[in-house]
Amino acid sequence: MSNSPDTAAPAETVPFGFEDVDRTQKAGLVRNVFDRSARRYDLMNDLMSLGVHRAWKDMVMTRANPQPGERLLDVAGGTGDLARSFLTKADRAGKRRADPRRAEAIVLDINEQMLRAGIKRGVEPSHTGRIEWVTGNAECLPLTDHSFDCVTISTGIRNVTDRAAALKDMRRVLKPGGRFLCLEFSRPTSRAWESLYDAWSFNVMPELGEHVAKDRASYQYLVESIRRFPDQESFATELRTAGFSQVSYTNFSGGIAALHTGWA
11 MSNSPDTAAP AETVPFGFED VDRTQKAGLV RNVFDRSARR YDLMNDLMSL
61 GVHRAWKDMV MTRANPQPGE RLLDVAGGTG DLARSFLTKA DRAGKRRADP
111 RRAEAIVLDI NEQMLRAGIK RGVEPSHTGR IEWVTGNAEC LPLTDHSFDC
161 VTISTGIRNV TDRAAALKDM RRVLKPGGRF LCLEFSRPTS RAWESLYDAW
211 SFNVMPELGE HVAKDRASYQ YLVESIRRFP DQESFATELR TAGFSQVSYT
261 NFSGGIAALH TGWA
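Numbering of the sequence shown is given in our numbering, commencing with residue 11 and proceeding in unit increments.
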């Protein structure tokens with residue numbers, strides 16, 4: 011079976027791992043994956059990436075450049091890592107400039123179990139009342155037009171049924187000049203690195219899922235979903251089609267992940 015992105019699937023089917031499923035089924039299938047994995051999601055991310063995902067997310071927030079008084083929407087935000095970091099960095103910027111305005115964030119996810127795991131983790135005292143947790147679909151955001159300075163989505167866009175609709179809706183809620191940042195697993199930039207990555211992800215990650223999270227199937231899906239996602243250039247084209255300007259991407263860890271950026 012081909013591991014290449016599925017760009018020619020019939021309109022009524024969409025990729026779910028290495029399978030093609032009816033598009034009406036994908037959201038429920040993805041929700042089941044994260045229902046099962048929510049409890050150990052943060053631990054599994056640390057184990058699967060050897061902790062590197064934290065460095066990637068820190069680089070995302072450095073590029074986001076949070077400022078006092080800004081509003082962030084973190085789509086597929088899960089347990090809220092990016093939202094917490096956004097508020098912390100915005101507060102530091104405000105302290106440097108003696109600007110008392112407080113940034114705010116909404117963490118939106120289709121999966122309530124992920125949001126509950128994030129709420130259970132709690133927030134710093136200074137963040138109390140500044141993070142809102144919303145259950146919602148990235149393809150039809152329950153939010154008003156032009157209401158956010160920054161929209162982020164981290165390793166979540168590949169799980170969306172209709173990427174084009176989601177990208178357009180994320181642009182819709184950005185203020186004019188607002189910034190969009192998408193961190194997603196991508197294509198290694200060398201054949202040797204890709205071979206090593208394949209060996210790790212197809213052999214080690216499902217084993218970790220089975221023994222640590224007691225859920226091999228979910229992590230097998232996550233590995234397969236990465237292989238079905240478009241390469242860096244193809245996804246950048248999707249951003250331009252959705253209406254973003256100044257689209258660019260930066261490879262992390264030799265292309266294992268990439269940060270895609272654009273402006274409203």
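All residues carry an ideal CB built from backbone N, CA and C; glycine is no exception.
Query	Result
Reduced DSSP category for Val233 - H, G, I as helix; E, B as strand; rest coil	helix
For Ser258, the first and last residue of its enclosing alpha helix (DSSP H)	Not the alpha helix (DSSP H): Ser258 falls in the beta strand (DSSP E), residues Ser255 to Phe262.
Integer Cβ distance of Asp119 from Thr154, believed to fall under 8 Å	19 Å between Cβ atoms; not a contact.
Which residues DSSP lists as bridging Leu218, in chain order	BP columns for Leu218 are empty, so no partner.
C-alpha gap between Arg168 and Asp241, whole angstroms	12 Å
Rounded C-alpha distance that separates Arg102 from Asp32	47 Å
Sufficient close CB pairs (3 or more, under 8 Å) joining the stretch 80-92 to the stretch 163-183	yes
Sheet register partners of Ala268 (DSSP bridge)	Glu194 and Asn261
Ala115 - containing beta strand (DSSP E), residue span	Glu114 to Asp119
Leu125 versus Thr247, Ala175, Val257 and Ala86, residue with shortest Cα-Cα distance	Ala86
Buried or exposed by the 16-neighbour rule on C-beta atoms within 10 Å, applied to Arg173	buried
Inter-residue spacing [alpha-carbon to alpha-carbon] between Gly199 and Ile129	Per the sequence shown, the amino acid found at residue 199 is Thr instead of Gly. In a straight line, the C-alpha of Thr199 is about 37 Å away from that of Ile129.
Cβ shell of Ser136 (< 7 Å), same chain only, five flanking positions each side left out	Asp101
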